[in-house]
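A quick write-up on the structure given underneath.
There are 4 protein chains.
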Amino acid sequence: MNDRPAVSFTFRGDNVAPVAPEILRALDAANHGLAAAYGDDEYSALLNRKFSDLFETEVTVFPVSTGTAANALSLATCVRPYGAVYCHEEAHINTAEGGATEAFSGGAKLIGLPGANGKVEPSTLAAALRHADRGITNRSQPDAVSITQASEYGTVYVLEEIAAIGAGARDGGIRFHMDGARFANALVTLGCSASEMTWRSGVDILSFGATKNGAMGADAIVVFNRELVEPLSYRLRRAGQTWSKMRFAAAQLIAYVENGLFLRLASHSNQLASRLGRELAAIPGVRLIAPVEANLVFVAMPEPAIEALTAAGVRFARRGGGVIRLVTRFDGTEGEVDQFIALVRRLIG
Amino acid sequence: MNDRPAVSFTFRGDNVAPVAPEILRALDAANHGLAAAYGDDEYSALLNRKFSDLFETEVTVFPVSTGTAANALSLATCVRPYGAVYCHEEAHINTAEGGATEAFSGGAKLIGLPGANGKVEPSTLAAALRHADRGITNRSQPDAVSITQASEYGTVYVLEEIAAIGAGARDGGIRFHMDGARFANALVTLGCSASEMTWRSGVDILSFGATKNGAMGADAIVVFNRELVEPLSYRLRRAGQTWSKMRFAAAQLIAYVENGLFLRLASHSNQLASRLGRELAAIPGVRLIAPVEANLVFVAMPEPAIEALTAAGVRFARRGGGVIRLVTRFDGTEGEVDQFIALVRRLIG
Amino acid sequence: MNDRPAVSFTFRGDNVAPVAPEILRALDAANHGLAAAYGDDEYSALLNRKFSDLFETEVTVFPVSTGTAANALSLATCVRPYGAVYCHEEAHINTAEGGATEAFSGGAKLIGLPGANGKVEPSTLAAALRHADRGITNRSQPDAVSITQASEYGTVYVLEEIAAIGAGARDGGIRFHMDGARFANALVTLGCSASEMTWRSGVDILSFGATKNGAMGADAIVVFNRELVEPLSYRLRRAGQTWSKMRFAAAQLIAYVENGLFLRLASHSNQLASRLGRELAAIPGVRLIAPVEANLVFVAMPEPAIEALTAAGVRFARRGGGVIRLVTRFDGTEGEVDQFIALVRRLIG
Amino acid sequence: MNDRPAVSFTFRGDNVAPVAPEILRALDAANHGLAAAYGDDEYSALLNRKFSDLFETEVTVFPVSTGTAANALSLATCVRPYGAVYCHEEAHINTAEGGATEAFSGGAKLIGLPGANGKVEPSTLAAALRHADRGITNRSQPDAVSITQASEYGTVYVLEEIAAIGAGARDGGIRFHMDGARFANALVTLGCSASEMTWRSGVDILSFGATKNGAMGADAIVVFNRELVEPLSYRLRRAGQTWSKMRFAAAQLIAYVENGLFLRLASHSNQLASRLGRELAAIPGVRLIAPVEANLVFVAMPEPAIEALTAAGVRFARRGGGVIRLVTRFDGTEGEVDQFIALVRRLIG
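Shown next as structure tokens:
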């Protein structure tokens, strides 16, 4: 299986990767004896303790099967059905989750804001909140803001930006959600603590991605704002997101953070992206579309080069206007990156 | 971990069990190289072929993380928002999924029907359909029937019953869903083919349980009626039920059915339940509430005996009126069963 | 128009009636000059004052176009999406609103309770609340109880019954909704104050019917529990239930209660029903199915008599088992009633 | 009542107007005898015939209480829950209905398109459809386009534009909805037939506004595409939008179109707007923001002038950046318009 040439040389996504060995071993280790079902087990209790340590505050962790579930159910818990969620206009929740947040929330509205490099600007959010027509019953009412860290463009909000959005959310009386599909990649880039990047900057609830960075099939919702815990627990159960054998999701997530595994894995893919971005930017005719701050690289290059890369068997995502997206992975190698750069040089030179 | 005495001796549920070794090994085996994401991989393709062989017709299989997701999304795809789903009044979908089907369908109505031993009777369904006020716009319109095989009482519909319900559904122009949370247990009991128990008897769509019987965290929706495939694929994705690393769900399900593993596991737990039921029924003062046809045993016994069992550290679920539910597992032992029976004898005698 | 013989002699429903002249005159009177839109007008302000007087407390009144809207939006505001609403198993909300409450609430569950004469018994509610599995995330959580006053069987809850349900709701921490589609008919029967029949007995929110008893097309939601006002105002607007020219709905409702019009109209139809019930019960072979306490009469009679009545051009609703439902109207006459009774006597005698 | 000075001199909206006398008389005329409920009456049958004549094809008409109900329920019937509706980014459905379409559809996505003068450009729609990622399960799938005729800016799509959008919708396999809140105003401007402006140009379903232009509280959904009729009838009923005494809604709508009343009323308000626009545009410092093609006038003027107008008691809506919106009404007068213009001249000159 899986011996198709194209797939073995790909910058298509981080979800094509296998599972980090440490995480698979943790599944084996968890597989003995009995354990209470639906999260009432000791692995789940340990998961809460481990994450509470990591985030330096008491958190509740709900493992879920996908990032879409994490985002949509977090946001559905933050908003009223007639509420609005502010996000970047190109946010994953707004463009690539099939209306999940609208559906789970009972029809809340996502309001896409413009912003350079895929990031919501605090001043844009503030302006949107000022013009939000609060109390006018035919307007969706401000209830939440969601940012993606790292963003869909592979850029990273610095702490001041997060804190400014957090302050705006607090002043505006709305909740602050962070889509951390690539949380570890951003954390490595900032070199700060997990608490600084989240609740200390005002984040109420976090979609904590793990699958893209080495887990098998378990992301998590990390709840900082205690009043969201109970309603979320019901919403998850009826969404079919509460595993009966929860210990195996908990075991993945425990192993993921234990001994800094998630940071090591993310650090590696970040370095590959950084190398990729630096070398590509040095090739005449190739242009970076956004700063490379995580494991994503967006570059513009001549259309014939793109087609030649495709023809050569390299896989990646295309955007309009001669732009391609390259994703590096925890299991990628410098050799692949260098090989790819050489190929681009040859095709363009 | 998990060394609490109570948990190590339990008839509380089948979800407290670990994962069958064959399935864990399959996860290991799947963990090399890259694989396309979101079900576009070769494991998923193989899963479809394996299940198409098993069911002797072309099926589409969608792995999901829980039985609630399987049931609610299957049914949401079968009905209009103003539709009705007929089911047993004590069906899991009606009592223990927190309104999941109502939510995912946009407000469809579950209509609970009475029926002995937890089973919908074909004549009751037929009568309900006759009085359904079709075309009357203030009545929820008949769109689907759902049965649980094996039922919530551990009883099993025989083929004639399933076929009669299937005929009723066809005549009534509604879809037929089977909640097969304990599909393997029922199949073993009937000794028929998977096709006979499903589409040959009129079933359109099946919630195929695997987690209770040895998988780690992967159930599946098996679609026989082709027109449900496309809408379901969208509903699953926006429900957050489409794993990015789908190969690991597919691998579990492939291993689950390969070489008849699922039947061997179910056969074992069925035999334990059978032994438990037979021996308990022979104890004066203990009475079986429903025939034992899968891995569930419902018995009535004097309240002091129930309390003494609990005090002794045995775990099980209670129902009203001195009735308890005992669940046997693929990893259970005859020794446990015999020990339990001896305990009951001692307590009651 | 409307000169079909069958329709001119009917006990089919109260919605076939015209509009009370006083209400039509009020529409004329309201039709001069300008008025602010969407309820910000002086008629709407007056409506709130009039109803606050009527109910002897400060209430907020939201006119809506139908009873279904009143019920479903009231209840959607009372419950969480994973909540449950207790009601009589034959309640209009459970059987004749096409799943409206399920839809507007985002999938809340209606739990039908048995009860003689179409009424929820306080002890049945209390038992249901005791067994509600609070805190268990796969169970719909108790959030509201709804009773119909007068009930779907034309019976009326006495104050002690309402207060007992109100006490049960308060003790159980759930909200209390009254479906008052025939509020005036019940009020006349009890001879108590509107406040006694509602908030003084624990009612949080009321669907106040007017259309069946003389209005043109305006029912109302009357909110006693202030915390429901704001969320309801948003839910109504997005449900398309906030008229732009609200003054005309307000004018209908003001006229409806002014000078006790609603009581006079209901009193008349109640008297007709009472006469109908008394006389029919005296005919051998005819049997009252429920006490006649409002403007509905349920009687069982021999099938040939029912068919003969239909053949004679009388219109009424049929229930199963030889039972028919007769509805009297504010514009009905004693002559019609006597004519009908004579006809039944002739057919049966 | 209603003698507040500000209100008697207002360009705030068309909903502050009273009811056209012809329509009120029709209500009186309809108020005798009995009529079958829920649209099964002869007025409703006549309404369908009248509108079928008007539109020169067999249509089904569903009266509803508001334009929001008309829009949201029409669109919910056109789309799948995972569908997308294309509309102008400033469309009423996207900005001023509190997420009604998202809610009634079960989470469909509104995709706002840019376009001059509040109008969707056919080429923009075509481009959006080309890039819609059909078949990609995490993208909301194209299901409908909605245009507002006359638009929120008071501009009118010419027949060629409508037909081009209709052709785009047909080619793209999506449905075409027209929000005709000011249908009559647009029709008068184009001077074409109602059929040309709708189904002959590809429109499947129409929100037919009447309340803004003289009705009391009845708009309508006019269905051209027969396959939408049945599902819509159920959706309306459970949305609480099916009046029991439907004859009174039907009577309003019949009177509204009879003898061209709706065209006369709209013609008058259009003329007032035209006069207003022409005269304002001639004042130095005042600038029209969009062509005046219906009964709305958008003008920019110096901030002090706007404040002075407000202080003088004139009521109107403000937009950002020194822009105000003036709405003329069927019951407005040339005197008011001239008085207003004189006031502006005085304030600015």
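Residue numbers (my numbering), protein chains in the order written: chain A, 465 to 813; chain B, 465 to 813; chain C, 465 to 813; chain D, 465 to 813. Glycine included, every Cβ here is placed at the ideal spot set by N, Cα and C.
*Along the chain, where does the alpha helix (DSSP H) that runs through D/I575 open and close?*
D/I575 -> not in any alpha helix (DSSP H); beta strand (DSSP E) instead, spanning 573-577.
*Are the C-beta atoms of D/M430 and some chain C residue less than 8 Å apart?*
Since the first residue shown for chain D is 465 and the last is 813, residue 430 of chain D is missing from the structure and cannot be characterised.
*asked:* Using a Cβ-Cβ cutoff of 7 Å, what residues of the segment 596-627 of chain D are near chain A? List them in chain order.
replied: T601, N602, R603, S604
*Going along chain C in order, which residues have a C-beta closer than 8 Å to the C-beta of A/T521?*
The contacting residues do not exist; A/T521 stays about 24 Å from chain C at best.
_Any C-beta of chain B within less than 9 Å: which residues of the segment 656-679 of chain A qualify?_
T675, K676, A679
*Which ranges does the alpha helix (DSSP H) cover as unbroken runs of at least 4 residues, wholly within the segment 595-672 of chain B, from first to last along the chain?*
623-635, 647-654
*asked:* Taking the beta carbon of C/N723 as the centre, do at least 16 other beta carbons fall within 10 Å, making it buried, or is it exposed?
replied: exposed
*Looking at C/A714 and C/Y502, is the spacing between their C-beta atoms short of 8 Å?*
No, they are not a contact pair.
_Run through the DSSP bridge pairs and tell me what A/Y550 is partnered with._
A/I575, A/V609
*Looking at the C-beta of B/T774, does it have a partner C-beta in chain A at a distance below 8 Å?*
It does not; no Cβ of chain A falls within 8 Å.
_Between which two residues does the alpha helix (DSSP H) holding B/V525 run?_
Where B/V525 is concerned, there is no enclosing alpha helix (DSSP H), although the beta strand (DSSP E) it sits in stretches over 524-528.
*Out of curiosity, what's the CA-to-CA distance linking B/G644 and D/Y720?*
57 Å
*Close Cβ partners of A/M680 (< 8 Å) along its chain, the five nearest in sequence each way excluded*: V483, I487, L488, L491, Q716
*State yes or no: is the C-beta of C/A560 within less than 8 Å of the C-beta of B/N602?*
Contact: yes.
*Just mark D/A493 as buried or exposed, buried being the case when its beta carbon has 16 or more other beta carbons within 10 Å.*
exposed
*Using a C-beta to C-beta distance shorter than 7 Å, which residues of chain B count as neighbours of A/Y698?*
For a Cβ distance threshold of 7 Å, residue set G562 of chain B lies close to A/Y698, ordered along the chain.
*Under a three-way DSSP split, which group does B/A533 fall into?*
helix
_Quick check: what's the CA-CA separation for D/G666 versus A/G563?_
27 Å
*If you count every other CB in all the chains shown that lies within 10 Å of the CB of D/E798, and 16 or more means buried, which is it?*
exposed
_Residues of the segment 516-549 of chain C with Cβ closer than 9 Å to any Cβ of chain B, in chain order_ = Going along the segment 516-549 of chain C in chain order, one finds T532, P545, Y546, G547, A548 with a Cβ nearer than 9 Å to chain B.
*Given a cut-off of 8 Å, decide if C/L692 and C/C542 are closer than it, judged by their beta-carbon atoms.*
yes
*Collapsed DSSP secondary structure at B/I747 in the structure displayed*: coil
*Check the C-beta distance from B/A633 over to B/F640 and give it rounded, since I have them as a contact under 8 Å.*
4 Å
_Span of the alpha helix (DSSP H), counted from its first residue to its last, around B/L692_ = That residue, B/L692, is in no alpha helix (DSSP H); it is neither H nor E in DSSP.
*Would you give the residue range spanned by the beta strand (DSSP E) that C/V787 belongs to?*
787-791
*Give me the Cα-Cα distance between D/E800 and D/L790, rounded to the nearest whole angstrom.*
12 Å
*Does DSSP classify B/N466 as helix, strand or coil?*
Reliability fails at B/N466, whose pLDDT of 38 lies under 50, so the model's placement of it is uncertain and no value is given.
*Show which residues of chain D have a CB atom less than 8 Å away from the CB atom of B/G570.*
P545, G570
_Touching by the beta-carbon criterion (3+ pairs, under 8 Å), the segment 732-748 of chain D and the segment 683-700 of chain D_ = At 8 Å Cβ cutoff, the stretches do not touch.
*Any C-beta of chain C sitting closer than 8 Å to the C-beta of A/T565?*
no
_If we define contact as Cβ-Cβ less than 8 Å, is A/R702 a contact residue for chain C?_
It does; some Cβ of chain C falls within 8 Å.
*What is the DSSP secondary structure of A/A679, counted as helix, strand or coil?*
coil
*D/V471 in three-state terms, based on DSSP*: Unreliable positioning characterises D/V471 in this predicted model, as indicated by a pLDDT of 36, which lies under 50. A coordinate reading is not provided.
*asked:* Mapping the DSSP letters down to three states, classify B/I557 as helix, strand or coil.
replied: helix
*Does DSSP put C/L807 in a helix, a strand or coil?*
helix
*chain A beta carbons: is any one of them nearer than 8 Å to that of B/L577?*
Output row for B/L577: interface = no.
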